[in-house]
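Line order of the protein sequences matches chains A and B.
Per this note's numbering, residue 1 is the first one in the first sequence, and the count goes up by one each step.
Per this note's numbering, residue 1001 is the first one in the second sequence, and the count goes up by one each step.
Where a beta carbon is used, it is the ideal one built from N, C-alpha and C, also for glycine.
These numbers were taken from a predicted model, which means no experiment stands behind them.
Scroll down for the structure; my scribbles are underneath it.
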Amino acid sequence: MTPLLAFIVFVLAVSLALYLLLGGADFGAGILEWLTRGRDQRRLADAIAPVWEANHVWILLVIVILFVGFPSVYSTLTHYLHLPLLAALLGIVFRGAFFAFRHYDVGVDPAHRLYAWGYRISSVWTPFFLGMTLGAAFLGRIDPAPASFVDGFVAPWLNTFAAAVGLFTVVLCAYVAAVFMVGEVSAPSDQTYYARWGAGLLAAAVPIGGVVFWTAHRAGYPLLSHFLATPAALAALGVATLLLPLIALSLRRRRVWTSRVLVGLQLLAILGGFFAVEFPTLVRLRDGSELTLLNTQAPPAVLAWLAVALVVGVVVVFPATGYLFWVFKQGPADSDERAG
Amino acid sequence: MEPLDSLLAARWQMAVSLGFHIVFACIGMVMPFFMAAAHRRWLRTGEVVYRELARRWAYGVAIFFAVGAVSGTVLSFELGMLWPRFMDIAGPIFGLPFALEGTAFFLEAIALGLYLYGWDRLPPRVHWAAGVVVGIAGVFSGIFVVAANAWMNSPAGFAWVDGQATDIDPVAAMFNAAWPWQALHMTLAAFVATGFAVAGLHAVLLLRRPGHPLHRAALRIALPFAVVAAFLQPISGDLSAKDVARRQPEKLAAMEALFETQTRAPLLIGGLPDVEAREVRYALELPGLLSFLAFADVDAEVQGLDAFPRELWPPVVVTHLAFQVMVGIGFFLMGVALLYLWARWKRPGWLDHPRFLRLLGLTMPLGFVAVEAGWIVTEVGRQPWIIYQILLTRDAVTTMPGIWVSLGIVSLIYALLTVFLVWLMRRQIRALHARPVSDFTTPRSAS
Ligand code: HEM
């Protein structure tokens, strides 16, 4: 792998990880609102409002890197996984629209219940289908010469493994959001409340993670044995597991930033472990062939200019994002006085 | 049996998605300038009405930006979902501007977050500057995306060997021949359309609430932008037309419904082309003007559709009518701009006259109608190609059957969203009008 390709793969991985963390927390806020029956609807929304657009730009970056740098990965996924992606897109549209409507519409009346439900449902729906798409990319049921509509466009993703990955994604999003919320509220009873949710969701994530491995196994995709055979992945899995008690402890003590950092690390370990197993594969096809970072990469001139654009982006975006977070994340959202 | 074949359904879905997105993209890139202009007046004069206006508009920007962002996300996936073969080829070549657009868009989102929530947290000047950055980043992101579209009209930056792109040069692709003209024309179009839409809306509201300070202030800010852009737009359109005449002569021929190659070619105003008979009915002909406009010489030869194989003709009727609508609106709005300037100079009283306000109300939708028509000219006029002279649209379309179902879903959702947005705006306005006018005139302590 050339340094150039390595750089682009690095940015791709970082974008995906940030999307999982920031976008995930954002989806999670909606899921949590549902789980807690709207207990802190306003605070949840306030916590994400200033940063939520920025949180979702990461997915665009992933998409652009894919279609510029690894075009056949992009075109294969969008072509054969058209349906779950369409579902995810509908979720993205509804979620964005209802979130904005809710936040900026005047007054408090029945319309707001519609926005709230539209927002909550799409907060679960969207990460579910995105997770499903991710699972389907690796399962190996994408058929480049399909015999029928179902073979080509349904079977690759409508299966228990992809559904399990979708569910796992949803739970992770809610988990990240719950941990994040601990620092967004100031009353100790509120903090405990979210810490409990965080711990509960973490407890749910573990068996669901198990289901992912089990459904993979049943679908003839030996994910677990691959994990066991890849030292880096095994190490990552170990880290994620070791972090479990630490996170539980720091949540109990309501250590805001320690919990956030540990959870971030844990998610990175899960994602990193998975990609360590699969590296350099991005898509597995039914005929056994694979689309990889290596065999789909665009010519060097393209990658070089993509890298330039990414560097420009990093130089512009990171300080600006840092400033944004610095301005708005200096204290719990509920201690703000905000003019509207 | 499918009600529509995949190609037609996919083209419609793309048209619906783009047609929806472009409205929000235009508003999202222009409104921040209005908002920042109002904000600046507030900082300078301390007149509360301008602060109120900046805040109201900022709410509008937030909603439109959000809808623009999600509908733009949809497009970034749809390109591959509907045209996988196209993206396979084009992705690496025209991807550079998209990557840069990502940065601009990111910056826009960040600056908007800072602006919307920065009222009490940022120093006044930084806060105002954040608003300006929203607009500038928005314009840049628009210009970058247009580079990709322009590349489809004037592909550059690669060699085409046996159905494969080689020797890819992303910079040459980005700086393709059509880019400067299309980018200029599109940026102005956004200002024309948004300017008249905003001015028109507030003019209508002023008719309902005569003298309302907020609407008067809004007109004072939006109209000058609209007027300047409306003046420049026909000039930019003429440059675009000259460029099209050189690069895509069959598009020009379709725009003008010119069936026969001729010297001293006439410019047609209106008219309904009859493709079978190869003639145009009910048109007003201005002899030699097309030759002059395209090549700055009344005797220049202009290629007609007969110079091209029949199967490579763009759809003539649609392209011609869309072009007529765009140009017609362009000149009409220029006329309104002229009237405004003249009245400002000689008859200031006219500007508050209900008739003038009604005229502005009439312009409210027109700019956006012209934008949609302009995109129809550009896109339909390029058919049957998706990449001009490289790849046919029908060879790029997805093999997934049943696209008309997703076309139905996407159309329904965008229609619903549109209804919702209109309803939402009416609620905002009602809430605004429920407040006493004195709210906007007497200074209050900062809230
Ligand atoms: C008044 C005279 C006008 C002329 C002569 C003119 C000319 C043109 C031409 C030749 C094109 C095709 C460019 C191409 O395909 O490369 C075009 C496209 C377009 N026009 Fe116009 N136009 C005029 C007014 C307007 C107005 C008033 C608007 C909107 C407010 C507008 C919006 C557009 C848009 C959005 C496009 C497609 C994107 C682009 O090429 O930038 N035009 N116009």
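- Item | Cβ neighbour criterion (16 or more within 10 Å) applied to residue 1263 (chain B) | exposed
- Query: From which residue to which residue does the alpha helix (DSSP H) around residue 1224 (chain B) run?
  - Reply: 1213–1247
- Look at the alpha carbon of residue 1140 (chain B) and the alpha carbon of residue 1129 (chain B), and state the distance between them as a whole number of angstroms. 16 angstroms
- Which value, in whole angstroms, describes the spacing of the CA atoms of residue 1244 (chain B) and residue 1251 (chain B)? 7 angstroms
- For the stretch 1090–1109 of chain B, which residues have a CB atom closer than 7 angstroms to at least one CB atom of chain A, in sequence order? 1091, 1092, 1095, 1096, 1098, 1099, 1100, 1102, 1103, 1105, 1106, 1107, 1109
- Message: Within 10 Å of its beta-carbon, does residue 56 (chain A) have 16 or more other beta-carbons around it, so buried, or fewer, so exposed?
- Response: buried
- Message: Closer than 6 angstroms to a non-hydrogen atom of ligand 1 - does that hold for the CB of residue 1185 (chain B)?
- Response: yes
- Collapsed DSSP secondary structure at residue 286 (chain A) in the structure displayed: coil
- Query: Quick one: does the C-beta of residue 1233 (chain B) sit closer than 6 angstroms to a heavy atom of ligand 2?
  - Reply: With respect to ligand 2, the structure shown offers nothing to examine, as its ligands consist of ligand 1.
- Message: Closer than 8 angstroms is the cut-off here; do at least three beta carbon pairs connect the stretch 1006–1018 of chain B with the stretch 1039–1058 of chain B?
- Response: no
- Item | Inter-residue CB distance, residue 1170 (chain B) and residue 301 (chain A) (contact presumed, cutoff 8 angstroms) | 7 angstroms
- Task: Identify each residue in the stretch 1385–1397 of chain B for which the Cβ-Cβ distance to at least one residue of chain A is less than 7 angstroms, and report them in chain order.
- Result: none
- chain B contact for residue 91 (chain A) (CB, 7 angstroms cutoff): no
- Task: Classify residue 1445 (chain B) as helix, strand or coil using the three-state DSSP reduction.
- Result: No answer about residue 1445 (chain B) holds up, because its pLDDT of 48 lies below 50 and its placement is not dependable.
- Message: Quick check: the Cα distance between residue 191 (chain A) and residue 181 (chain A), rounded to an integer number of angstroms?
- Response: 8 angstroms
- Query: Looking at the C-beta of residue 126 (chain A), does it have a partner C-beta in chain B at a distance below 7 angstroms?
  - Reply: no
- Task: Could you name the residues of the same chain whose beta carbon sits closer than 7 angstroms to that of residue 1138 (chain B), not counting the 5 residues immediately before and after it, in chain order?
- Result: 1028, 1029, 1032, 1108
- Message: Let me check one thing: in DSSP terms, what residues is residue 1270 (chain B) bridge-paired to?
- Response: B:1283
- Give a yes or no on whether the minimum CB-CB distance between residue 1134 (chain B) and chain A is below 7 angstroms. no
- Spell out the partners DSSP gives residue 1166 (chain B) in its beta bridges. B:1159
- Message: Nearer than 6 angstroms: is that true of the beta carbon of residue 1153 (chain B) relative to any heavy atom of ligand 1?
- Response: yes
- Message: Considering just the uninterrupted stretch of the alpha helix (DSSP H) at residue 1375 (chain B), what are its terminal residues?
- Response: 1366–1380
- Item | residue 1099 (chain B) vs residue 309 (chain A) beta-carbon contact at 7 angstroms | yes
- Message: Could you check whether residue 1400 (chain B) and residue 112 (chain A) sit closer than 7 angstroms to each other, using their CB atoms as the reference points?
- Response: no
- Query: Between residue 1299 (chain B) and the rest of its own chain, which residues show a CB-CB distance below 7 angstroms, the 5 nearest in sequence each way excluded?
  - Reply: 1263, 1264, 1291
- By Cβ distance, which residues of its chain are closer than 7 angstroms to residue 1328 (chain B), with the 5 residues on each side in sequence left out? none
- Residues bridged to residue 191 (chain A) [DSSP beta-bridge criterion]: The partner list for residue 191 (chain A) (beta bridge, DSSP) is empty, contrary to what the question assumes.
- Query: So which residues on chain A does residue 1076 (chain B) lean against when the C-beta distance must stay under 7 angstroms?
  - Reply: 60, 63
- Message: Tell me which residue opens and which closes the beta strand (DSSP E) that residue 1387 (chain B) is part of.
- Response: 1385–1387
- If you count every other CB in all the chains shown that lies within 10 Å of the CB of residue 322 (chain A), and 16 or more means buried, which is it? exposed
- Query: By DSSP, does residue 1393 (chain B) sit in helix, in strand, or in coil?
  - Reply: helix
- Item | Length of the line joining the Cα atoms of residue 281 (chain A) and residue 295 (chain A) | 9 angstroms
- Item | Alpha-carbon spacing of residue 312 (chain A) relative to residue 1089 (chain B), whole angstroms | 25 angstroms
- Task: Could you please give me the residues that DSSP links to residue 291 (chain A) through a beta bridge?
- Result: A:283
- Taking the C-alpha atoms as reference points, what is the distance between residue 183 (chain A) and residue 251 (chain A)? 11 angstroms
- For residue 185 (chain A), which of helix, strand or coil comes out of DSSP? coil
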